[in-house]
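**Q** Sending over a structure as structure tokens; questions will come in a sec.
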């Protein structure tokens, strides 16, 4: 089944309003959440709405947070999200980073006491209209084993970097620091397919092709797989440290799970989950017009490179932008299971899908 | 053959002095260069000294550069390296980033018109004694094909992040954004061993196990290999953009080669090669003592995790630190080929090895 963007928007906004979010926060949360559906990251979009609701019901998400700055310098700040929706806390942090960049050239905001923020790319891209480069990182529930580890100590800890261009659309990298995100394992499971080598390990640390290993004590493998997972581990670790050790959030195995049926660790080392945002004004380095000419040249050179037959070199963000164009015109497809879930949610809150 | 650190230091310093470097620059260049030998990155150390000399002879390295700030804001700057040794230009840029961080909380310095800067980790680590987090990136000669590309458009573009801790030694990530660095291919070639899957492709973009493919139009594969190279490509691209599009250096296929026998492209899009440095004061986010307690806890938790038999979870920087301790006491081993090369260099410049 396919749904118009505005229909899903009105529905999700209604649910967030019913949770008690302010009109502004409900609109922001919806825009952040649905950016995943538009960009084709179906695992992070409206399919997760009931997950956020369950966390709110478990009193682990605060619908009316007092989001506050707890420390700052000319180019930095730490924000306490007051257990609010990451979908709302993160754009607030990015706006502060943008304000700081306007004055100091760059802005760097670490966030503690937050929750899942949707897709990292949405937040990084908030910098683009200001001719700024945006960076967004977050830690997440531990599902990933560092190289040699039998324990799951890291989340899929994504890195997003958005860079403005001139005539060309922007460069938008948005990647998990694992070989494959957990969502891809769920797709393989539904299709009855094995996982490729280097994606997942069993509880004893052996290579596995069973995409459901994480339910049996197994773990996702960091980016780099069999011969290079120490690099993905290092990147995921860096994301964890900047997002949580720097902000005062929970890190490593202490990051609270996204699912409401799993309890957060009883001995937290910080508050909530952590994010880290960076914004750099392009003209804090060179004139924006000059930068854009070269960024266009960069993009055209890479996109025009000689490629293997029937393929083209893609610029990070190309597939997601094309998907957005398509879904804004053709609608957003949802699995029946998701439609049923949303229908139930609508009935509970008196919001029509 | 094994050489004491001070012996190699005096030799390399003498060669840099003979090139015309000032006493300060010769000392700095030597310290930067030999940090690679100490940390076990043999491909980037004193074995490359004659490579720098040949670039100087070809007038592509300026031994007496006027390194200048061409643009700045409270938290940013762009430095023109005046074609100087990257070994000297890069620490200068890091010092400026540290000064900016002292005032603005963070400092971000993009560098153009530079040359190869040795190992990224050396520069990132300069932040550590100041209780700051250091970041160092650089672009490099194109040897890497983006996903689907037959053309080599990126270098091995490393990322280094150094984070101070308290009782524990610091976290020091220093990684190429390819599955394996070119130096590993050279080691495989010497040993007559094949390259693992996902490391290298032939000139037609096919998977290859021949470590010499880059001499026949083949290319290194970005981190992530067969099923995830788009992520390594995205990271390498980000390094290229921040180091060069932002600074005004050459990017992508225009990056000048490190070897003097290959000419730089005749149609440069910028000046020299580019670097990007970041420094963040820890206490621009939270009190340094508090941060260090949690950083120690992070390190101890990861290092103490249950591991596969006969292995331990390593903290990025552990192997290099142990290597440094060993080589400072036992000396630095050099291949006979390198010793012969250095001896020849010494005779030419009247410097005794």
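Chains as they are written, first to last, in my numbering: chain F, 2 to 354; chain B, 2 to 354. Each residue gets a CB set at the ideal place from its N, CA and C atoms; glycine is no exception.
(1) Which ranges does the beta strand (DSSP E) cover as unbroken runs of at least 3 residues, wholly within the stretch 2-88 of chain F, from first to last along the chain?
(2) Do you know offhand how far residue 107 of chain B's Cα is from residue 338 of chain F's?
(3) Suppose you measure from the CA of residue 132 of chain B to the CA of residue 297 of chain B; what does that come to, to the nearest Å?
(4) When you check each C-beta in the stretch 117-146 of chain F against every C-beta of chain B, which residues fall closer than 7 Å?
(5) Run through chain B and tell me which residues come within less than 7 Å of residue 152 of chain F, C-beta to C-beta.
(6) Quick check: residue 342 of chain F and residue 23 of chain F, are their CB atoms within less than 9 Å of each other?
(7) For the stretch 94-106 of chain B against the stretch 130-149 of chain B, do three or more pairs of beta-carbon atoms, one drawn from each stretch, fall closer than 8 Å, so that the two count as touching?
(8) Can the beta-carbon of residue 91 of chain B be found closer than 9 Å to that of residue 31 of chain B?
(9) Anyone know if the C-beta pair for residue 151 of chain B and residue 309 of chain F falls short of 9 Å?
(10) Since residue 313 of chain B and residue 123 of chain F are thought to touch, with beta carbons under 8 Å apart, how far apart are those beta carbons, to the nearest angstrom?
(11) To the nearest whole angstrom, what separates the beta carbons of residue 73 of chain B and residue 332 of chain B, a pair I think is in contact under 8 Å?
(12) Do residue 1 of chain B and residue 140 of chain B have their C-beta atoms closer together than 9 Å?
(13) Does the distance from the CB of residue 84 of chain F to the CB of residue 20 of chain F come in under 9 Å?
(14) Where does residue 59 of chain F land, buried or exposed, given buried means 16+ other C-beta within 10 angstroms?
(15) Output needed for residue 28 of chain B: all residues of its chain with C-beta closer than 7 Å, excluding positions within five of it in sequence on either side, in chain order.
(16) So, with DSSP's three-state summary, where would you put residue 247 of chain B?
(17) Which chain B residues are close to residue 317 of chain F, counting only those with a beta carbon under 9 Å from its beta carbon?
(18) Between F:121, F:126, F:128 and F:147, which has its C-alpha nearest residue 138 of chain F's C-alpha?
(19) Using the DSSP secondary-structure output, state which residues sit across from residue 1 of chain B in a beta bridge.
(20) What do you get for residue 111 of chain B, buried or exposed, if any count of 16 or more other CB atoms within 10 angstroms of its CB means buried?
(21) Just list the residues that DSSP pairs residue 276 of chain B with in beta bridges.
(22) Just the C-alpha distance for residue 10 of chain F and residue 57 of chain F, rounded to the nearest angstrom, thanks.
(23) Under 8 Å by Cβ, that's how I've got residue 227 of chain B and residue 184 of chain B pegged, so tell me the actual separation to the nearest angstrom.
(24) Between which two residues does the alpha helix (DSSP H) carrying residue 185 of chain B extend?
(25) Taking only the alpha-carbon atoms, compute the straight-line gap between residue 222 of chain F and residue 177 of chain F and give it to the nearest angstrom.
(26) Looking only at DSSP bridge pairs, what is residue 220 of chain B linked to?
(27) Rounded to the nearest angstrom, how far is the Cβ of residue 362 of chain F from that of residue 196 of chain F, given a contact under 8 Å?
(28) Given that a residue counts as buried once 16 or more other Cβ atoms are within 10 Å of its Cβ, and exposed if not, what is residue 361 of chain F?
(29) Using the C-alpha atoms, what's the distance from residue 95 of chain F back to residue 25 of chain F?
(30) Could you list which residues in chain F have their beta carbon closer than 7 Å to that of residue 114 of chain B, in chain order?
(31) Run down chain F in chain order and give the residues with a C-beta less than 8 Å from the C-beta of residue 253 of chain B.
(32) Per DSSP, which one or two residues make a beta bridge with residue 282 of chain B?
(33) Out of curiosity, what's the CA-to-CA distance linking residue 243 of chain F and residue 236 of chain F?
(34) Check whether the Cβ of residue 70 of chain F lies closer than 9 Å to any Cβ atom in chain B.
(35) Checking 9 Å against the spacing of the C-beta atoms, do residue 88 of chain F and residue 325 of chain F come in under that value?
(36) With distances taken Cα to Cα, identify the nearest neighbour of residue 350 of chain F among F:230, F:44 and F:12.
**A** Taking the coordinates as given:
(1) Whole beta strand (DSSP E) segments, 3+ residues: 69-74 and 77-81.
(2) Answer to the nearest angstrom: the Cα atoms are 47 Å apart.
(3) Looking at the two C-alpha atoms, the distance is approximately 14 Å.
(4) Residues are counted here when their Cβ sits less than 7 Å from a Cβ of chain B; for the stretch 117-146 of chain F the count is zero.
(5) Simply 306 and 307.
(6) Taking 9 Å as the Cβ cut-off, residue 342 of chain F and residue 23 of chain F do not qualify as a contacting pair.
(7) Enough Cβ pairs lie closer than 8 Å, so yes.
(8) The answer is no: Cβ separation not under 9 Å.
(9) Contact annotation: residue 151 of chain B and residue 309 of chain F have beta-carbon atoms nearer than 9 Å.
(10) Taking a contact as a CB-CB distance under 8 Å, the pair residue 313 of chain B and residue 123 of chain F does not count as one, their CB atoms being some 38 Å apart.
(11) Contact between residue 73 of chain B and residue 332 of chain B fails: their C-beta atoms lie close to 43 Å from each other, not under 8 Å.
(12) This structure cannot speak to residue 1 of chain B, because chain B is shown only from 2 to 354.
(13) Taking 9 Å as the Cβ cut-off, residue 84 of chain F and residue 20 of chain F do not qualify as a contacting pair.
(14) By the Cβ-count criterion, residue 59 of chain F is exposed, with fewer than 16 other Cβ atoms from all chains shown falling within 10 Å of its own Cβ.
(15) Around residue 28 of chain B: 14.
(16) Coil at residue 247 of chain B, not helix or strand.
(17) Below the 9 Å Cβ cutoff, chain B contributes 231, 234, 235, 238 and 239 as neighbours of residue 317 of chain F, in chain order.
(18) The candidate whose alpha carbon is nearest that of residue 138 of chain F is F:121.
(19) Residue 1 of chain B falls outside the range modelled here, since chain B spans only 2 to 354, and no answer is possible.
(20) Burial call: buried.
(21) DSSP lists B:112 and B:139 as partners of residue 276 of chain B.
(22) Straight-line Cα distance between these residues: approximately 20 Å.
(23) Their Cβ separation, rounded to whole angstroms, is 22 Å, which puts residue 227 of chain B and residue 184 of chain B out of contact at 8 Å.
(24) Following the DSSP letters along the chain, one finds residue 185 of chain B inside the alpha helix (DSSP H) bounded by residues 183-192.
(25) Rounded to whole angstroms, the separation of the alpha carbons of residue 177 of chain F and residue 222 of chain F is 11 Å.
(26) Looking at the DSSP output, residue 220 of chain B bridges to B:202.
(27) Because chain F here runs from 2 to 354, residue 362 of chain F falls outside it and cannot be looked at.
(28) This structure cannot settle anything about residue 361 of chain F, because the visible part of chain F is limited to 2 through 354.
(29) So the two alpha carbons sit approximately 16 Å from each other.
(30) The contacting residues do not exist; residue 114 of chain B stays about 13 Å from chain F at best.
(31) Per Cβ cutoff of 8 Å: 299, 302 and 303.
(32) Paired residues: B:133.
(33) C-alpha of residue 243 of chain F to C-alpha of residue 236 of chain F: approximately 11 Å in a straight line.
(34) It does not: the Cβ of residue 70 of chain F has no partner Cβ on chain B nearer than 9 Å.
(35) Contact flag unset, no.
(36) Of the listed residues, the one whose Cα sits closest to residue 350 of chain F is F:12.
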